[in-house]
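Undergrad: One structure, pasted below without further comment.
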Ligand SMILES: [Zn+2]
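Chains as they are written, first to last, in my numbering: chain A, 1 to 393; chain B, 394 to 532.
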């Protein structure tokens, strides 16, 4: 059974700190994606929205809200919330609808407006909420990224210079991306001189939060042929698996890992691309380009290994050798990644797919990965959510 | 020593024995999985349907799995001392329970005094608002 769908069109609202309502960003991205696809909004029977939990009431009903902004025309709607994987789950809902034959074409949209500064929990005394407890004793989001980074230093001998190399590489990529929020190149000295946030991670090692919007128009392969887009990039896998108990890694916002007293501990991040490879029937050796969730510079190195693009512990060496740069053996984050975008949660997983589409179509301009045929995304967020999507042409 | 008895910021999360405090967790009576914070409703082991838990004191020593610090004051509900002093944070692996537990590191112990694999022990110290919390310190 063919479980592939076509990506007909993609669109982004540039990432930034614009401070406007998230619906505006989603609307701009959606209109761009529809125009890119050459599909009229009135002929879209399904809208799948990726929700944010911060933007108040409309955020909980993202699908309907974006559909209303485009002009209600009787389409069916869906709304997905899955933290960093919200966009991938919204995409999976559209794929299910298309593969079941219930519709031929669908619009997927995610957009976010983020608050300033540290992401903080809801107010009030709430000891049942691990998020409240961890902030009460001073554990912020960078705490977790820094624990993983320090662990890499102890296990594999990674250095702060290795982490800085990721920032320098991603900044060089993002400098060529008009949709990126930060388009400045950085030197090793500048990264080393930026203030320490959570030892060993400095300000330039940790990603910001941003406003942004991303959208895709997807369809059955038959529909793509019908409108003359036979060679459109195809989605060949969407993995959104949960962790398997007991989760080996201490994850935000938890205070402790699962206990491995009764069962052997399992890593979560590596499980996400494993399922995607299995679903696509390909292996890491087939991948030409990857977009991964570099919430921190060190985390990009973890992802490279979780995607099996190199052996465990070898990602810093791979980066030092230039293999993950555009022009290298396996370019990682040619968009500039979160280092240059900042995180706009419900839009980010979709933005990763948009970048792969431009790369696979050969439309990425100065950041083009030559002859890219297979791309993979990976991200992971709160509450056991994560995703990995494979796109092929 | 402090004259007055300090209150924990969360009652029932750790014992108040100043010399040898323990975190209070639970253990599934059927499969032996430990939980911190306490789980009393359902076992998260997919092969276990137990709803039967016993309260246990977790090991008060372990190995340092990783560490970091908070260079900037965390946002509320953290109560930052004025002036703010950065503090270290530890992730400690408990051998018997096979789990990693996070916590701030005792006052005066910075990241330069820590290294992965070293022995750590649980201690109690007040937060800036005077409420007691668990912390880790080199054993
Ligand atoms: Zn059990």
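Backbone N, C-alpha and C define an ideal beta-carbon position, used for all residues, glycine too.
Quick check: does the Cβ of residue 259(A) come within less than 7 Å of any heavy atom belonging to ligand 3?
TA: This structure lacks ligand 3; its bound ligands are ligand 1.
Undergrad: Could you spell out the range, first to last residue, of the beta strand (DSSP E) harbouring residue 48(A)?
TA: As a first step, residue 48(A) is located in the first chain; it is residue number 48 there, counting from the start. Element bounds for residue 48(A): 46-50.
Undergrad: Could you say which of 122(A), 3(A) and 13(A) lies nearest to residue 211(A) if we only look at CA atoms?
TA: Within the first chain, numbered from 1, the residue matching residue 211(A) stands at position 211. Among 122(A), 3(A) and 13(A), the Cα nearest to that of residue 211(A) belongs to 13(A).
Undergrad: Residue range of the beta strand (DSSP E) that residue 15(A) falls in?
TA: As a first step, residue 15(A) must be located in the first chain, where it is residue number 15. Taken as a continuous stretch (DSSP letters only), the beta strand (DSSP E) holding residue 15(A) covers 5-16.
Undergrad: How many whole angstroms separate the CB atoms of residue 507(B) and residue 451(B), which I take to be in contact at a CB cut-off of 8 Å?
TA: Within the second chain, residue 507(B) is the residue found at index 114, counting from 1. Within the second chain, residue 451(B) is the residue found at index 58, counting from 1. Actually they do not touch by this definition, with Cβ atoms about 21 Å apart.
Undergrad: Give the C-beta separation of residue 513(B) and residue 259(A) to the nearest angstrom, bearing in mind that I take them to be a contact with Cβ-Cβ under 8 Å.
TA: Along the second chain, one-based indexing puts residue 513(B) at 120. Along the first chain, one-based indexing puts residue 259(A) at 259. Their Cβ separation, rounded to whole angstroms, is 18 Å, which puts residue 513(B) and residue 259(A) out of contact at 8 Å.
Undergrad: Any heavy atom of ligand 1 inside 7 Å of the beta-carbon of residue 426(B)?
TA: Taking the first residue of the second chain as 1, we reach residue 426(B) at position 33. Correct: residue 426(B) has its Cβ closer than 7 Å to ligand 1.
Undergrad: Please report the distance separating the alpha-carbon of residue 444(B) from that of residue 132(A).
TA: Reading the second chain from its first residue, position 51 is the one you call residue 444(B). Reading the first chain from its first residue, position 132 is the one you call residue 132(A). Roughly 26 Å separates the two Cα atoms.
Undergrad: Name the one or two DSSP bridge partners that residue 25(A) has.
TA: Start at 1 with the first residue of the first chain, and residue 25(A) comes out as number 25. None, per the DSSP bridge assignment.
Undergrad: Just checking residue 438(B) against ligand 1 - is the residue's beta carbon closer than 7 Å to any of the ligand's heavy atoms?
TA: If you number the second chain from 1, residue 438(B) lands on position 45. Yes.
Undergrad: Within this structure, are the beta carbons of residue 50(A) and residue 386(A) separated by less than 8 Å?
TA: To locate residue 50(A), count along the first chain from 1; it is residue 50. To locate residue 386(A), count along the first chain from 1; it is residue 386. The answer is no: Cβ separation not under 8 Å.
Undergrad: Taking C-alpha atoms, which residue in 144(A), 110(A), 182(A) and 9(A) lies nearest to residue 199(A)?
TA: Here residue 199(A) refers to the residue found at position 199 when the first chain is read from its first residue. Of the listed residues, the one whose Cα sits closest to residue 199(A) is 144(A).
Undergrad: DSSP has residue 531(B) in a bridge; who is on the other side?
TA: Translated into positions along the second chain, residue 531(B) becomes position 138. BP columns for residue 531(B) point to 513(B).
Undergrad: Give a yes or no on whether the minimum CB-CB distance between residue 330(A) and chain B is below 8 Å.
TA: On the first chain, residue 330(A) is found 330 positions in, with the first residue counted as 1. Answer no: the Cβ-Cβ gap between residue 330(A) and chain B never drops below 8 Å.
Undergrad: Starting from the N-terminal side, write out each stretch of the beta strand (DSSP E) that is 3 residues or longer and does not extend beyond the region 234-285 of chain A.
TA: Within the region 234-285 of chain A, the complete beta strand (DSSP E) runs of at least 3 residues are 234-239.
Undergrad: Would you give the residue range spanned by the alpha helix (DSSP H) that residue 212(A) belongs to?
TA: For the purposes of this step, residue 212(A) is taken as the residue at position 212 of the first chain. Where residue 212(A) is concerned, there is no enclosing alpha helix (DSSP H), although the beta strand (DSSP E) it sits in stretches over 211-219.
Undergrad: I'd like the ranges of any beta strand (DSSP E) spanning at least 3 consecutive residues and lying wholly in the region 163-201 of chain A.
TA: If we require 3 residues or more, the beta strand (DSSP E) runs fully inside the region 163-201 of chain A come out as 196-198.
Undergrad: Cβ of residue 224(A) within 8 Å of Cβ of residue 215(A)?
TA: For this step, residue 224(A) is matched to residue 224 along the first chain. For this step, residue 215(A) is matched to residue 215 along the first chain. Their beta carbons are not under 8 Å apart, which means residue 224(A) does not touch residue 215(A) by this criterion.
Undergrad: Quick one: give me the first and last residue of the beta strand (DSSP E) that residue 107(A) is part of.
TA: Taking the first chain and counting its residues from 1, one reaches residue 107(A) at position 107. 105-112 is the span of the beta strand (DSSP E), which, as asked, contains residue 107(A).
Undergrad: Using a C-beta to C-beta distance shorter than 7 Å, which residues of chain A count as neighbours of residue 484(B)?
TA: Here residue 484(B) is taken as the residue at index 91 of the second chain, counted from 1. Under the 7 Å cutoff, chain A gives 147 and 250.
Undergrad: Span of the alpha helix (DSSP H) holding residue 156(A)?
TA: Position 156 of the first chain, counted from the start, is the residue given in the question as residue 156(A). Run containing residue 156(A): 141-156, per the alpha helix (DSSP H) assignment.
Undergrad: Can you tell me whether residue 502(B) is helix, strand or coil according to DSSP?
TA: Residue 502(B) sits at position 109 when you count from the first residue of the second chain. Three-state DSSP puts residue 502(B) in coil, outside helix and strand.
Undergrad: Pop quiz: residue 290(A) and residue 362(A) are said to be a contact at Cβ under 8 Å. What is the actual Cβ separation, rounded to whole angstroms?
TA: Within the first chain, numbered from 1, the residue matching residue 290(A) stands at position 290. Within the first chain, numbered from 1, the residue matching residue 362(A) stands at position 362. Not a contact, Cβ separation roughly 17 Å.
Undergrad: So does residue 423(B) have its beta carbon nearer than 7 Å to some heavy atom of ligand 1?
TA: Sequence index remark: in the second chain, residue 423(B) carries index 30 (1-based). Because some heavy atom of ligand 1 lies under 7 Å away, the Cβ of residue 423(B) counts as near it: yes.
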